[in-house]
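Student: Submitted below is the structure of interest, expressed as structure tokens.
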Amino acid sequence: MSDVSMIELIRDAADKAAARGDTIAARNYYRAVLAQQPHDVDAMLALAQLIPVVSERQRLIAQAQVLEPDNPAVVAAAAENEKIITQGLKIIIVPTNDTQSSDALEAVPPKPLVMCAVHATMEATLRCTSCDRPMCVRCTIPNEVGQLCPTCRYKRIPERYRSSLQHWVIAGGISAVLATIIPIPLVFLLSIPFIGPLLYLAGGMLIGSLSAQITLKLTAKRGRTMIMACGIGVGLGSLIAMIILFGSNISLMLLLLTVLSIALAIRSLQQTLP
Ligand SMILES: [Zn+2]
Ligand SMILES: [Zn+2]
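Residue 1 is where the sequence shown starts when you use our numbering, and the numbers rise one by one after that.
Structure below.
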């Protein structure tokens, strides 16, 4: 069978699926036609009619307009889409059914689409189990109580994990100051062979644990973002300490020690601010 007759078969299946109201199958068939013939304006328009997502409809119609701006079907589709958008996004999909009488079409009133409360161009397929707002697939992350909208999801995060910029600045500031100051009295340890560098490394743990404890006292916040804010502070402070202590004489060994002590500090942060 040639490619062309194959495509015509798929198009035929698409038309039939659309006619009997099976929009999902019809959409898949028209997409298959477009995959083979990306410039098929007829398939584009037919698919656009069946798509509830406004942005995708618009994209398809715009594509058709580029290809055949004077085609009366394209002009009509664009005008129709414009009308739908100005009418407030209430898209109504009516299956184009030639065999059905117009009476039968009227007997089944078309259901207007409900749009997502957060994403105005997305069709809502579910409702938030907490506030009952309509939600799209992008908003629906299932959790133990069902489906929650982003707002309700945020509200359910325990207070201690809801940190904001102000808390991050405090966390980062404290950690930076401690990471700058603590290595200064410890630097003499580096001259002691073997055991010295190990003790110096313990300073990293001290920095991490002190930063975490003071941060917790001042902000009462914990969690990943707080650990991250402290970690950035420790990194910055360590850099400043290195420059103060060694200037441009930073050896590879020192660099390694510093990186290891930052890692140890972050480990302590994770243990204190889980
Ligand atoms: Zn909600
Ligand atoms: Zn949404």
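For every residue, glycine included, the Cβ atom is placed at its ideal position computed from N, Cα and C.
Here's a check: name, in chain order, each residue in its chain whose Cβ is nearer than 7 Å to the Cβ of Asn-81, leaving out the five neighbours to either side.
Tutor: Within the sequence shown, numbered from 1, the residue matching residue 81 stands at position 81. Hits under 7 Å: Arg-57, Gln-58 and Ile-61.
Student: If contact is defined by three or more beta carbon pairs under 8 Å, each pair taking one atom from either stretch, is the region 218-225 in contact with the region 161-169?
Tutor: Yes, since at least three Cβ pairs between the region 161-169 and the region 218-225 fall closer than 8 Å, the two stretches touch.
Student: From the DSSP output, which residues share a beta bridge with Glu-56?
Tutor: Numbered from 1 along the sequence shown, position 56 holds the residue referred to as residue 56. Looking at the DSSP assignment, Glu-56 forms no beta bridge with any residue, so it has no partner.
Student: Tell whether a beta-carbon distance below 8 Å holds between Ser-211 and Leu-178.
Tutor: Translated into the one-based positions of the sequence shown, residue 211 becomes position 211. Translated into the one-based positions of the sequence shown, residue 178 becomes position 178. It is a contact, given that the beta carbons lie within the stated cut-off.
Student: Could you tell me which uninterrupted alpha helix (DSSP H) segments, each at least 4 residues in length, are contained entirely in the region 156-207, listed from first to last along the chain?
Tutor: Counting only runs of 4 or more, we get 165-181 and 183-186.
Student: Within 10 Å of its beta-carbon, does Asp-40 have 16 or more other beta-carbons around it, so buried, or fewer, so exposed?
Tutor: The residue labelled residue 40 in the question sits at position 40 within the sequence shown. Classification of Asp-40: buried, given that the 10 Å Cβ count is 16 or more.
Student: Distance, Cα to Cα, Leu-273 vs Met-205?
Tutor: Taking the sequence shown and counting its residues from 1, one reaches residue 273 at position 273. Taking the sequence shown and counting its residues from 1, one reaches residue 205 at position 205. Spanning the two alpha carbons is a distance of roughly 14 Å.
Student: List the endpoints of the continuous alpha helix (DSSP H) containing Ser-238.
Tutor: Position 238 of the sequence shown, counted from the first residue, corresponds to residue 238. Segment 224-246, the alpha helix (DSSP H) holding Ser-238.
Student: Using only the heavy atoms of ligand 1, determine whether one of them is closer than 7 Å to the beta carbon of Leu-148.
Tutor: Residue numbering aside, residue 148 sits at position 148 when the sequence shown is read from its first letter. Indeed, a heavy atom of ligand 1 lies less than 7 Å from the Cβ.
Student: Let me check you understand the geometry: is the CB of Ser-5 closer than 7 Å to at least one non-hydrogen atom of ligand 1?
Tutor: One-based indexing of the sequence shown puts residue 5 at position 5. No.
Student: If you run the structure through DSSP and keep just helix, strand and coil, what is Arg-127?
Tutor: By 1-based counting over the sequence shown, the position of residue 127 is 127. Three-state result, Arg-127: strand.
Student: Can you confirm whether Gln-271, when its beta carbon is compared against all beta carbons of chain B, has any partner nearer than 8 Å?
Tutor: You won't find chain B in this structure, because it holds only one protein chain.
Student: Could you give the distance in angstroms between the alpha-carbon of Cys-149 and the alpha-carbon of Ala-19?
Tutor: Reading the sequence shown from its first residue, position 149 is the one you call residue 149. Reading the sequence shown from its first residue, position 19 is the one you call residue 19. Computed Cα separation, rounded: 35 Å.
Student: Would you say the region 247-260 touches the region 151-166, given that touching needs at least three Cβ pairs under 8 Å?
Tutor: Judged by Cβ distances under 8 Å, the region 247-260 makes no contact with the region 151-166, as fewer than three pairs qualify.
Student: Can you tell me whether Met-135 sits near ligand 2, meaning its C-beta is under 7 Å from at least one heavy atom of the ligand?
Tutor: Against the sequence shown, residue 135 aligns to sequence position 135. Yes.
Student: Output needed for Asp-103: all residues of its chain with C-beta closer than 6 Å, excluding positions within five of it in sequence on either side, in chain order.
Tutor: Taking the sequence shown and counting its residues from 1, one reaches residue 103 at position 103. Caution applies to Asp-103, whose pLDDT of 49 falls short of 50 and renders its modelled position unreliable; the value that the coordinates give is listed next. Once the five neighbours on either side are set aside, Asp-103 has no close Cβ partner at all.
Student: Measuring only the C-alpha atoms, how far is Ala-171 from Thr-215?
Tutor: Here residue 171 corresponds to residue number 171 of the sequence shown, with the count starting at 1. Here residue 215 corresponds to residue number 215 of the sequence shown, with the count starting at 1. C-alpha separation (whole angstroms): 5 Å.
Student: For ligand 2, I want to know if Arg-20 counts as a neighbour, meaning its beta carbon is within less than 7 Å of at least one of the ligand's heavy atoms.
Tutor: By one-based count along the sequence shown, residue 20 stands at place 20. Not under cutoff, so the answer is no.
Student: Identify whether Gln-100 lies in helix, strand or coil by the three-state DSSP scheme.
Tutor: Against the sequence shown, residue 100 aligns to sequence position 100. Caution applies to Gln-100, whose pLDDT of 46 falls short of 50 and renders its modelled position unreliable; the value that the coordinates give is listed next. Three-state DSSP puts Gln-100 in coil, outside helix and strand.
Student: Arg-11 lies in the alpha helix (DSSP H); which residues open and close that run?
Tutor: Taking the sequence shown and counting its residues from 1, the one referred to as residue 11 is at position 11. Note, Arg-11: alpha helix (DSSP H), 3-19.
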